[in-house]
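Taking it in order: structure first as structure tokens, then the write-up.
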Amino acid sequence: MSHRRALILGALAASLCAPSTAFGLDEVNSKKLRDAVTVNGILQHERAFQAIANANDGTRASGTPGYEASIQYVKQRLVRAGYRVREQEFTFPFFRELAPAVASQVSPTPKDYTVDTFEYSGSGDVTAKLQAVRGITIPPPAEPGTTPAGCTAADFTGFTAGNIALIQRGTCDFGLKARNAKAAGAVGVIIFNEGQEGRTGLPAGTLGEPIDIPVVGMTFEDGAALYQQLQGAEVTMHITTSTEADLDATTKNLIADTREGNADETVVVGAHLDSVVEGPGINDNGSGSAGILEIAEAMSEQNIKPRRAVRFAFFGAEESGLLGSEHYVSTLPANQLGQIYANLNFDMIGSPNYVRFVYDGDGSDSEPAGPPGSGEIESIFTRYFASQGLASEPTEFSGRSDYGPFIAVGIPAGGLFTGAEGVKTPEQAAIYGGTAGEWYDPCYHQACDTMNHLNVNALNEMGDAAAHATLVLAKSRTGLFPDGSRKAARDKSKAKKFDLHSHAAR
């Protein structure tokens with residue numbers, strides 16, 4: 034996700050107990066719950082997730098025994114806390130890399146390259162001429178995500194079937210680029226990074242569905258050099274990938290409901306429980322899962338009686354393209370879908386080089402805005418951080434985590450994020466601490482995403498903010514809109530499309 038300019042919240046908000054006439058929701062005193070939600074409690078769950086990964090080949094990915102053990106751990110805790118708990122099973126296309134990808138230039142100058150296999154790439158061993166598609170832009174445009182290469186069939190005009198396609202990361206998702214290349218007759222695909230700050234290393238991500246040709250990612254430097262070679266010479270490449278895919282693998286969501294509160298206005302508090310295959314996912318997203326599990330247990334222990342029902346949702350297969358949350362939303366009957374009041378999403382809240390990012394629900398800093406009510410949810414977080422004398426800043430709300438399927442059907446949403454593969458700016462380092470020029474999470478989607486790389490200050494601050502927002506939505510006497518209701522006024526909102534893909538989808 035791309036960072037946005039820092040927003041320094043200098044003035045403290047009024048007392049958290051006092052209502053505000055400028056804000057749809059009256060404030061709720063969350064101190065009791067925040068005091069009960071502790072870093073030690075969150076870390077207790079994180080240690081359990083780490084132990085599960087250690088016992089299961091270092092992963093908690095959906096479709097593996099490590100994920101099933103994670104589900105059973107969370108289920109046991111929530112049943113003990115008194116929640117109504119159910120499992121929701123669904124099928125999904127499972128993917129695993131069996132051996133690292135290999136890429137080398139055969140001619141005119143033999144050279145080996147470091148590449149990564151995209152999720153859902155096919156297995157293959159191909160040697161063919163390399164051909165660049167239309168839309169590659171070197172140097173890259175200033176704004177990330179705006180390079181159009183490979184996004185339309187027209188970009189493959191003149192492409193020779195049997196060649197390997199060279200494509201630049203940019204406007205559309207990786208899967209669309211690869212599918213367009215396959216349709217044009219490519220026998221392999223190299224997608225190199227776009228080239229802006231934070232987009233120079235090996236791109237990582239999902240194709241969203243299996244594609245039966247090798248698809249690998251390459252650094253901007255190597256991809257740009259290959260592109261320059263193609264301007265004056267023929268280049269022959271060799272690519273090898275070794276992967277496993279199961280189109281009908283099974284995994285689960287875990288859903289836990291409070292026993293009190295108005296079910297006609299249910300607040301869904303969600304986080305994805307799965308990791309990538311490559312690692313244990315203790316920050317991504319053990320941190321969000323541990324955080325909302327700690328909030329659920331604290332609400333039970335404090336005997337908090339919500340005005341609105343609260344549903345804690347632990348989604349599977351997020352790392353495969355938001356498949357768990359998409360399944361959950363798409364299978365809800367119309368009457369139950371209409372009962373969802375709002376969605377809160379917590380995906381990575383313990384990044385070691387963190388920033389306090391708040392999803393930009395009102396679209397004031399980035400487009401698009403979320404459905405009506407999302408701006409009010411954003412304000413819950415920004416007002417809370419201001420009351421604590423803490424800075425925060427907006428981050429794009431384009432649908433690239435489990436809130437995506439909710440906002441796609443008009444449900445107000447919001448949440449927190451501490452950063453993934455983006456690079457911390459000097460301005461952010463001056464405000465939040467940490468190291469400028471490094472990723473917010475240097476272990477994002479890697480085997481080193483372990484207990485050793487969590488930031489306990491981030492867990493403390495974001496955990497408290499998550500608890501506060503959960504309680505405000507659960508207990509506020511007023512609603513997200515001036516008449517106190519959850520009227521989404523969908524006919525007044527602009528029609529929007531959202532990319533239903535995980536963090537590094539494009």
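Numbering (the working numbering), first residue to last: 34 to 539.
We put the beta carbon where it would ideally sit given N, CA and C, even for glycine.
Its Cα nearest to that of Ala-132, the residue Asp-149 stands out among Arg-117, Val-139, Asp-149 and Arg-119. Its chain contains Ala-331, Glu-334 and Gln-335 as the residues whose beta carbon lies nearer than 7 Å to that of Ala-69, once the 5 sequence neighbours on both sides are disregarded; these appear in chain order. In terms of CA proximity to Gly-403, Asn-376 leads the group Arg-129, Asn-376, Thr-364 and Glu-60. When Val-362, Phe-450, Leu-370 and Pro-366 are compared, the shortest CA-CA separation from Pro-385 is found for Phe-450.
Of all C-beta pairs linking the stretch 485–499 to the stretch 431–446, fewer than three are shorter than 8 Å, placing the two stretches out of contact.
A distance below 6 Å between beta-carbons, with the five flanking residues on each side excluded, links His-271 to the following residues of its chain, in chain order: Ser-137, Val-139 and Thr-160.
The three-state secondary structure of Asn-378, taken from DSSP, is strand. Cα atoms of Phe-207 and Thr-511: separation of roughly 43 Å, rounded to the nearest angstrom.
CA-CA distance, Glu-409 to Gly-394, rounds to 8 Å. With respect to the 9 Å criterion, Arg-389 and Ser-509 are not classified as neighbours on the basis of their beta carbons. Counting only runs of at least 4 residues, the stretch 373–451 fully encloses the following alpha helix (DSSP H) elements, listed from N- to C-terminal order: 407–420 and 437–441.
The beta carbons of Tyr-361 and Ala-346 sit about 7 Å from each other, so the pair counts as a contact at 8 Å.
Pairing Ala-194 with Val-72, the inter-Cα distance amounts to about 56 Å. Boundaries around Pro-126 are those of the beta strand (DSSP E), 117–140, since no alpha helix (DSSP H) includes it.
Contact check for Asp-482 and Gly-312: beta-carbon distance about 5 Å, within the 8 Å limit, so the pair qualifies. If the five residues before and after Leu-235 are omitted, its C-beta is found closer than 8 Å to the C-beta atoms of Thr-147, Val-148, Asp-149, Asn-226, Gly-250, Met-251 and Thr-252, all from its own chain and listed in chain order.
Leu-326 is positioned such that its CB atom lies no closer than 9 Å to that of Ile-104. Minimum Cα-Cα distance from Asp-516 among the listed residues Tyr-153, Gly-406 and Val-107 corresponds to Gly-406. Considering only Ala-81, Glu-230 and Val-61, the residue with the shortest C-alpha distance to Ala-175 is Glu-230.
When the alpha-carbon of Ile-223 is set against those of Ala-182, Gly-191, Ser-420 and Thr-204, the nearest one is in Ala-182. Between Gly-448 and Ser-434, the C-beta spacing is below 9 Å.
When secondary structure is reduced to three states using DSSP, Ala-469 falls in the coil class, being assigned neither helix nor strand. Going by C-alpha positions, His-486 is about 17 Å away from Val-456.
Nearest C-alpha to Leu-513 among Glu-454, Ser-412 and Leu-199: Ser-412.
Of the residues Gln-369, Gln-479, Thr-284 and Gly-303, the one whose Cα lies closest to the Cα of Tyr-100 is Thr-284. Boundaries for Gly-74: no beta strand (DSSP E) harbours it, while the alpha helix (DSSP H) harbouring it runs 72–87, taken from the DSSP string.
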